[in-house]
Amino acid sequence: MAKKPLRVKDKTRVAKILKILKATYPEVKTQLRHANPFQLLVATILSAQCTDKQVNGVTNELFKKLRTPYDFASASNETIEKLIRPTGYFRNKAKNIKNCSKSLLEKHDGQVPQTLDELIKLPGVGRKTANVVLGSVFNIPGIVVDTHVARISKRLGLTESNNPVKIEYDLMEIIPRKNWNVFSLQLIYFGRAICKARKPLCPTCPLYDLCDYPDKIFKPG
Ligand code: SF4
228 MAKKPLRVKD
238 KTRVAKILKI
248 LKATYPEVKT
258 QLRHANPFQL
268 LVATILSAQC
278 TDKQVNGVTN
288 ELFKKLRTPY
298 DFASASNETI
308 EKLIRPTGYF
318 RNKAKNIKNC
328 SKSLLEKHDG
338 QVPQTLDELI
348 KLPGVGRKTA
358 NVVLGSVFNI
368 PGIVVDTHVA
378 RISKRLGLTE
388 SNNPVKIEYD
398 LMEIIPRKNW
408 NVFSLQLIYF
418 GRAICKARKP
428 LCPTCPLYDL
438 CDYPDKIFKP
448 G
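Okay, here's the thing in C-alpha cells:
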C-alpha cells in the first residue's frame, strides 16, 4: 500500500493546530526561573538532560552564591560543579558555564548578546539555548527545538526529519513568525501533559483529529 503523504505544508491544517494549541494553552512562559538574561542563559545550559524542576531547585541556591558572569568566570570549576551537581553532566556543564561567562566578559562587556549568531558562538550554547533566551527575555522570534518539539512536530506531520536544525527550519517555513516563541512553548506544555514520549494520551488529545501519527492510540467507541 502506498505511504500516506504527510500534510506538512497544509496551511489550513497548521492554522487549526495553532488555534487549538492557543485555546488549550493561552498563557505560556518558560518554566526556568530567572531574574535576568544571564540567569536564563545559565539555567538553559543546565536544563540539558534534566527537568526544569530540577534546574530550578539548583539555581535557587546557585544564584545566591554566584550571580554575574564575573562570579562564574572567577569561581573554580570544582565550586561550580558542586553547586550544579544534581542537574547531571555537571563537569561539562560547569566548564561550559565558566567559559561562556569568560566569553561574555571578554567579547560582550558582560552582557548577553541579542542575536542568534552571537549567542551560538558562546561555549555551551547551541541553537536551542539561544532561541530560549532570545524568545523569553528579548522577545525575538525563534523556534526552540527540544525533545518535546521534535517528537510532536514529527507525530503531527509538521516535519519528516529527526534533525533538530532541519526541524527548526521546517517549522519556520510553516508557522507564522509571530507565533514562533509561543508555539514552541505550547508544544513543550503539550508534550509534558498529553503527547508524552512513551504513552501519549491520544484519546483525550485536543489535536486527535489532526494527528497522522501511525502509532496513535485510538479513541474507544
Ligand atoms: S493524537 Fe496522540 S500522538 Fe497525536 S498529537 Fe495527540 S497525543 Fe500526540
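Quick note on numbering: the sequence shown equals residues 228 to 448 in the working numbering.
Heads up, the beta-carbon is just placed ideally off N, CA and C, and yes, glycines get one too.
Exposed unless 16 or more other CB atoms sit within 10 angstroms - verdict on Gln276: The residue you call residue 276 lines up with position 49 of the sequence shown. The residue in question, Gln276, is exposed, as its Cβ has fewer than 16 Cβ neighbours within 10 Å.
CA-to-CA distance, Thr271 to Gly351, given in whole angstroms: Here the question's residue 351 lines up with position 124 in the sequence shown. Here the question's residue 271 lines up with position 44 in the sequence shown. Distance between the alpha carbons of Gly351 and Thr271: 10 Å.
Where Gly284 sits in the DSSP three-state scheme: Residue mapping note: residue 284 aligns to position 57 of the sequence shown, counting from 1. Looking at Gly284 - three-state DSSP - the assignment turns out to be helix.
Reduced DSSP secondary structure (H/G/I, E/B, other) of Asp298: Here residue 298 refers to the residue found at position 71 when the sequence shown is read from its first residue. Helix at Asp298.
Rounded straight-line distance, which links the Cα of Pro433 to that of Thr251: The residue you call residue 251 lines up with position 24 of the sequence shown. The residue you call residue 433 lines up with position 206 of the sequence shown. For Thr251 and Pro433, the distance between alpha carbons rounds to 8 Å.
7 Å Cβ shell around Asp298 - same chain, five flanking residues per side excluded: Counting from 1 along the sequence shown, the entry for residue 298 is found at position 71. No residues qualify anywhere along the chain.
Nearest to Pro368 (by Cα), restricted to the options Phe445, Val409, Pro447, Lys309: Taking the first residue of the sequence shown as position 1, residue 368 is located at position 141. When only C-alpha atoms are compared, the closest one is Val409.
Residue range of the unbroken alpha helix (DSSP H) whose run includes Pro350: On the sequence shown, residue 350 is found 123 positions in, with the first residue counted as 1. Run containing Pro350: none; DSSP gives neither H nor E here.
contact_flag[the stretch 285 to 305, the stretch 331 to 342] where n(CB pairs < 8 Å) is 3 or more: Two segments are said to touch when three or more pairs of C-beta atoms, one from each, lie closer than 8 Å; by this definition the stretch 285 to 305 touches the stretch 331 to 342.
Uninterrupted alpha helix (DSSP H) stretches inside the stretch 322 to 347 (no shorter than 4 residues): Counting whole runs of 4 or more residues, the stretch 322 to 347 contains the alpha helix (DSSP H) stretches 343 to 346.
Spatially closest choice to Ser477 from Gln413, Gln266, Val282, by CA coordinates: With the chain covering 228 to 448 only, the question about residue 477 has no answer from this structure.
beta-carbon Ile488 near ligand 1 non-hydrogen atom, thresh 7 Å: Here the chain covers residues 228 to 448 and nothing more, so residue 488 does not appear.
Run of the alpha helix (DSSP H) containing Ser380, from where it starts to where it stops: Taking the first residue of the sequence shown as 1, we reach residue 380 at position 153. Segment 374 to 382, the alpha helix (DSSP H) holding Ser380.
heavy atom of ligand 1 below 7 Å from Leu398 C-beta: Against the sequence shown, residue 398 aligns to sequence position 171. No; taking the cut-off as 7 Å, the Cβ of Leu398 has no heavy atom of ligand 1 nearer than that.
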